[in-house]
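Position 26 of the sequence shown, counted from 1, bears residue number 1429 in the numbering used here, the numbering being contiguous throughout.
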Amino acid sequence: DVVYCNDVDGLFGALGQVYNPEEWQLFIDSLKVSLKAVLLHNGNIYPSVPQAYSVYMKESHESMHALLNCIDYDQFKRKVCGDLEVLGLLLSMQQDYTKYCCVVCEWDRHDKKHHYAAWKAFTSMCTNFLGNHKAETYREFVSEMLKCFQVMKYNMSLKLHFLDYHPDLFPKNLGAVSDEHGERSHQDISIMEKGFVGRWNRDYSNRMSDIADWFKRLPFFTRWWLSLTAGFTLCGRFGIFKAYQLVLLYEPFIKQFQIWRPATAVFYYPLTPSTGFHFLINCYFLYNYSLRLETGIFDGRPGDYFFMLLFNWACCVIVGLIADIPLLMDPMVLSVLYVWCQLNKDVVVSFWFGSQFKAMYLPWVLFAFNLIISGGGIMELVGIMVGHMYFFLMFKYPQEFGGPALLSTPSIIYSFFPNQRGGVHGFGQPPASRRPANDGGGGGGHNWGRGHVLGDN
């Protein structure tokens, strides 16, 4: 999947140059159809040197690790530059609902009341700090710009936060080591890619259009969940298994010890001409939102994602036994959808007839839609309740209310599904929490500490 060169000295020798690691940095970024790693010269005197290229890898935690391992990053330890999204993936920073997202200190991005940003003094700050010239009084220029931002009462971005609290971490020749030089490599490679448009499939055995290849590239739990759902549903439809043996019923499960029923009740759905469309809609939501969670906030953390599925499944089974609900596919899918929607509240999603709204309303729209169309809604309410229980205990209560972490992944699950953060030293470990001793803890799996306020002393 990756074309790469891990012999940097030999690569530069073939180009008639001598490699000096102090003069080069590794730029990682992606285009629409590729992920690449390019060596950029500090000062941009020499052209960029591509070191790794892939058409099939996307910007993800796993892809970054695979790419760095291919080029033997541990051996050369080059400086890495890129946008904040790339650096966040390299550092295994939480991508969604991250309250304390700075890797150097404890800046709280949710403290919107005291975060400001504006651009009145931006020109002088760029001239005396962000360029190749760094004035002796650069702190005054930075401070003046931030005061203007404070007056404007705007939100403060992560980049400006670094200027405020960590100006000493910026090198003297910012203009020479900026990742903007990576745009030159974008332009160079895009010319080559345009010449291969339409050829990737023919030259690579139609892999991009192969359904089997798409299926294998699905994340582990999403792939198995979707497969088992389709498998048990089709087996019930064609009479391989009796539908009665696949649903959740109290008497057979408790008294006859038919312990498979809680599992099959999640995967099986009675497929008839009147329920086929609803089943396809459920499969779409299952694929779409399970994939987003597993490759988003739970990227590189399969144990945590499995625990979320396990917790939601257990809650659905308990409610199903109490309320006599034989099929659990609807509430299970809705619980996962609800968690994603709460972690991405402000993301605009589309629904039927071109309607658009924030993701936080999607579960309730589905509930109202099913209530109006079929007179149902109980399944959706159960899914919302289960999803909210997980979201509240894992995220909202520890992070927003400052309470203790009431829900955490058991260590035994990590022994079966360890975090995928190994292989590249220096990446993947979040900073230790710097909360005060009497703060009471909290913060779930990402206890990042309290935040700093712009202008705070």
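We treat Cβ as the ideally placed atom computed from N, Cα and C, and that holds for glycine.
### Task
Determine, using beta carbons only, whether T1636 and L1674 come nearer to each other than 8 Å.
For this step, residue 1636 is matched to residue 233 along the sequence shown. For this step, residue 1674 is matched to residue 271 along the sequence shown. Their beta carbons are under 8 Å apart, which means T1636 touches L1674 by this criterion.
### Local Cβ density within 10 Å of W1627, reported as buried at 16 or more and exposed below that
Counted from its first residue, the sequence shown places residue 1627 at position 224. By the 10 Å Cβ count, W1627 comes out exposed.
#### Entry: Outcome for T1678 when other beta-carbon atoms lying within 10 angstroms are tallied against a minimum of 16
Taking the sequence shown and counting its residues from 1, the one referred to as residue 1678 is at position 275. Exposed, since its Cβ has fewer than 16 Cβ neighbours within 10 Å.
### Message
Please state the DSSP three-state secondary structure of A1538.
### Response
Position 135 of the sequence shown holds residue 1538. Of the three classes helix, strand and coil, the one that applies to A1538 here is coil, per DSSP.
### Secondary structure of S1608, DSSP reduced to three states
As a working mapping, residue 1608 is identified with position 205 in the sequence shown. Residue placement at S1608 cannot be trusted, given a pLDDT of 47 that sits under 50; what the coordinates show is reported in the next sentence. Three-state DSSP puts S1608 in coil, outside helix and strand.
### Query
If you draw a straight line from the C-alpha of L1418 to the C-alpha of V1768, how long is it?
The count along the sequence shown starts at 1 and reaches residue 1418 at position 15. The count along the sequence shown starts at 1 and reaches residue 1768 at position 365. Each residue's Cα considered, the two are about 60 Å apart.
### Query
Per DSSP, what kind of secondary structure is W1617 in: helix, strand or coil?
Residue 1617 sits at position 214 when you count from the first residue of the sequence shown. Three-state result, W1617: helix.
### Query
Measuring CA to CA, which of Y1708, L1549 and F1760 is closest to Y1817?
Along the sequence shown, one-based indexing puts residue 1817 at 414. Looking at the Cα atoms, Y1708 is the closest of the given residues.
#### Entry: Whole-Å CB distance - E1697 paired with P1622, under 8 Å assumed
One-based indexing of the sequence shown puts residue 1697 at position 294. One-based indexing of the sequence shown puts residue 1622 at position 219. About 4 Å separates the two Cβ atoms, so the contact holds.
#### Entry: Inter-stretch contact at 8 Å, needing at least 3 Cβ pairs: the region 1797 to 1806 / the region 1434 to 1450
no
### Message
What does the alpha-carbon distance come out to for the pair Y1741 and Y1647?
### Response
Taking the sequence shown and counting its residues from 1, the one referred to as residue 1741 is at position 338. Taking the sequence shown and counting its residues from 1, the one referred to as residue 1647 is at position 244. When rounded, the distance between both Cα atoms is 29 Å.
### Task
Determine the burial state of L1683: buried for a count of at least 16 other Cβ atoms within 10 Å of its Cβ, exposed for fewer.
Translated into positions along the sequence shown, residue 1683 becomes position 280. So L1683 counts as exposed.
### Query
Of the choices W1663, Q1745 and D1727, whose alpha-carbon is the least far from that of R1695?
In the sequence shown, residue 1695 corresponds to position 292, counting from 1. Out of W1663, Q1745 and D1727, Q1745 has the C-alpha closest to the C-alpha of R1695.
### Query
With which residues is Q1428 paired in a DSSP beta bridge?
One-based indexing of the sequence shown puts residue 1428 at position 25. L1443, per the DSSP bridge assignment.
### Query
Which of helix, strand or coil does DSSP assign to P1676?
Numbered from its first residue, the sequence shown carries residue 1676 at position 273. In the structure shown, P1676 sits in coil (DSSP, three-state: anything other than H, G, I, E or B).
### Query
Rounded C-beta distance between D1486 and D1432? I'm assuming under 8 Å.
The residue labelled residue 1486 in the question sits at position 83 within the sequence shown. The residue labelled residue 1432 in the question sits at position 29 within the sequence shown. D1486 to D1432, Cβ: 7 Å. Contact.
### Task
May I have a chain-ordered list of the alpha helix (DSSP H) segments no shorter than 4 residues that lie completely inside the region 1637 to 1716?
1664 to 1670 and 1679 to 1698
### Message
Restricting to Cα atoms, I'd like to know which of Y1800, K1799, A1633 and P1766 is closest to I1787.
### Response
Residue mapping note: residue 1787 aligns to position 384 of the sequence shown, counting from 1. The shortest C-alpha separation from I1787 is found at P1766.
### Message
With H, G and I counted as helix, E and B as strand and the rest as coil, what does DSSP make of K1761?
### Response
On the sequence shown, residue 1761 is found 358 positions in, with the first residue counted as 1. Strand at K1761.
### Task
Could you pull out every unbroken beta strand (DSSP E) segment of at least 3 residues lying fully inside the region 1759 to 1809, listed in chain order?
1759 to 1761
### Query
Would you say F1795 faces chain B, with C-beta separation under 8 Å as the test?
No chain B appears in this structure, which consists of one protein chain only.
### Proximity to H1468 [Cα-Cα], best of S1451, V1458 and L1490
If you number the sequence shown from 1, residue 1468 lands on position 65. The option with the nearest alpha carbon to H1468 is L1490.
### CB-CB length for P1729 against A1668, believed under 8 Å
Here residue 1729 corresponds to residue number 326 of the sequence shown, with the count starting at 1. Here residue 1668 corresponds to residue number 265 of the sequence shown, with the count starting at 1. That belief holds up - the Cβ atoms of P1729 and A1668 are roughly 6 Å apart, short of 8 Å.
#### Entry: Span of the beta strand (DSSP E), counted from its first residue to its last, around Y1456
Position 53 of the sequence shown, counted from the start, is the residue given in the question as residue 1456. It spans V1452 to S1457 - the beta strand (DSSP E) in which Y1456 sits, taken as one unbroken run.
### Segment contact, 8 Å Cβ cut-off, at least three pairs: the region 1743 to 1757 with the region 1809 to 1823
no
### Message
Determine whether the beta carbon atoms of D1404 and S1457 lie at a separation below 8 Å.
### Response
Against the sequence shown, residue 1404 aligns to sequence position 1. Against the sequence shown, residue 1457 aligns to sequence position 54. Yes, the pair counts as a contact, with Cβ atoms nearer than the cut-off.
### Beta-carbon spacing of L1731, Y1653 below 8 Å
The sequence position of residue 1731 within the sequence shown is 328, counting from 1. The sequence position of residue 1653 within the sequence shown is 250, counting from 1. Not a contact, by the Cβ cut-off of 8 Å.
### Task
Please report the residue range of the alpha helix (DSSP H) in which S1811 lies.
Position 408 of the sequence shown, counted from the start, is the residue given in the question as residue 1811. Run containing S1811: none; DSSP gives neither H nor E here.
### Message
According to DSSP, simplified to helix, strand and coil, what is L1731?
### Response
Numbered from 1 along the sequence shown, position 328 holds the residue referred to as residue 1731. Reduced to three states, the DSSP call for L1731 is coil.
### Limits of the alpha helix (DSSP H) - the one that S1466 falls within
Your numbering for residue 1466 matches position 63 in the sequence shown. It spans H1464 to C1473 - the alpha helix (DSSP H) in which S1466 sits, taken as one unbroken run.
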